[in-house]
Amino acid sequence: MILENLRAQPLPEVEPGYSIRTYRPGDDDGLVVLWAEIVGGDEAAIRKQWLELRREDPNVRDEDVFFVRYGDHLVGTGTAWKRASEPPDTGYVHMIGVDGAHRGKRLGFLVTVAVLNRLAERGYKRALLNTDDHRLAALKLYLQMGFAPVIENEELRVRWSKVGHELRMKIPGLEDG
Ligand SMILES: CC(C)(COP(=O)(O)OP(=O)(O)OC[C@H]1O[C@@H](n2cnc3c(N)ncnc32)[C@H](O)[C@@H]1OP(=O)(O)O)[C@@H](O)C(=O)NCCC(=O)NCCS
Numbered sequence: 066m067i068l069e070n071l072r073a074q075p076l077p078e079v080e081p082g083y084s085i086r087t088y089r090p091g092d093d094d095g096l097v098v099l100w101a102e103i104v105g106g107d108e109a110a111i112r113k114q115w116l117e118l119r120r121e122d123p124n125v126r127d128e129d130v131f132f133v134r135y136g137d138h139l140v141g142t143g144t145a146w147k148r149a150s151e152p153p154d155t156g157y158v159h160m161i162g163v164d165g166a167h168r169g170k171r172l173g174f175l176v177t178v179a180v181l182n183r184l185a186e187r188g189y190k191r192a193l194l195n196t197d198d199h200r201l202a203a204l205k206l207y208l209q210m211g212f213a214p215v216i217e218n219e220e221l222r223v224r225w226s227k228v229g230h231e232l233r234m235k236i237p238g239l240e241d242g
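Just add 65 to wherever you are in the sequence shown, counting from 1, and you've got my numbering.
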């Protein structure tokens, strides 16, 4: 999905007790546990992937990685990335997720706005992300935020039409919504 005309916007208010900050040394363990909870994945594989990204890609610096915290616990995350595969003016929204116990409080919105603001601050004009058809909460969030699908063929048109039907939302770029 793509968001054109990337512009900084105010961070939304969320319930008391939640706060947002960027990465600090020592956060890796917390990130791995949190991400494994969010995606139901294997911690060792997530750790390897995460550390590789941090070590090998200079386009993810500490100030590009965001955490939503509840007290001392990391309960949400998102990363402002720049992938070599995209055009120079296009930043990438990576690893947006909120702990299952803390969903439904607009924390995903909070962390996504923080990531988009960071991408805007880095000078990107557009933001791209990849997601999956079954991630309905994420798709709804991104559509609400102005992201539009990149519909390149008939198969994608059919899949997006199904998403629109399931979410009861109009999908930008589809004539029938
Ligand atoms: C996507 C995610 C970050 C959103 O977290 P959140 O801020 O807690 O968002 P909410 O739970 O408030 O849900 C956002 C919207 O989706 C809706 N929603 C939640 N679950 C849904 C579902 N199963 N089907 C349809 N809509 C759903 C909510 O009602 C809300 O819409 P609303 O504002 O109109 O009420 C969170 O669901 C998550 O971490 N999912 C797993 C990881 C993931 O898919 N990440 C995205 C990778 S691209």
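Cβ coordinates follow ideal geometry from the N, Cα and C atoms, glycine included.
- Membership of residue 212 in any beta strand (DSSP E) is not indicated, and neither H nor E is assigned to it by DSSP.
- Burial state of residue 77 is exposed, judged by a 10 Å Cβ sphere holding fewer than 16 other Cβ atoms.
- Secondary structure note for residue 180: its alpha helix (DSSP H) is the uninterrupted segment 172–186.
- With 16 or more neighbouring CB atoms inside 10 Å of its own CB, residue 214 falls in the buried class.
- By the criterion of a C-beta distance shorter than 8 Å, residue 160 is surrounded in its chain by 100, 142, 143, 144, once the five residues flanking it on both sides are discounted.
- At the C-beta level, residue 102 and residue 164 come within 9 Å of one another.
- The beta carbon of residue 177 sits closer than 8 Å to the beta carbons of 143, 158, 161, 206, 207, 210 from its chain, once the five residues preceding and following it are set aside; these are given in chain order.
- About 30 Å separates the beta carbons of residue 136 and residue 187, which is beyond the 8 Å limit, so they are not a contact pair.
- For the 9 Å CB-CB criterion, residue 134 and residue 93 do not form a contact.
- With contacts defined by Cβ atoms closer than 9 Å, residue 82 and residue 132 do not form a contacting pair.
- Sequence-distant Cβ neighbours of residue 116 in its own chain, meaning closer than 8 Å and more than five residues away, are 93.
- The continuous alpha helix (DSSP H) containing residue 98 extends over residues 93–104.
- Between residue 129 and residue 67, the alpha-carbon positions lie close to 19 Å from each other.
- Following the DSSP letters along the chain, one finds residue 111 inside the alpha helix (DSSP H) bounded by residues 108–121.
- Approximately 6 Å separates the beta-carbon atoms of residue 179 and residue 85; this is inside 8 Å, confirming the contact.
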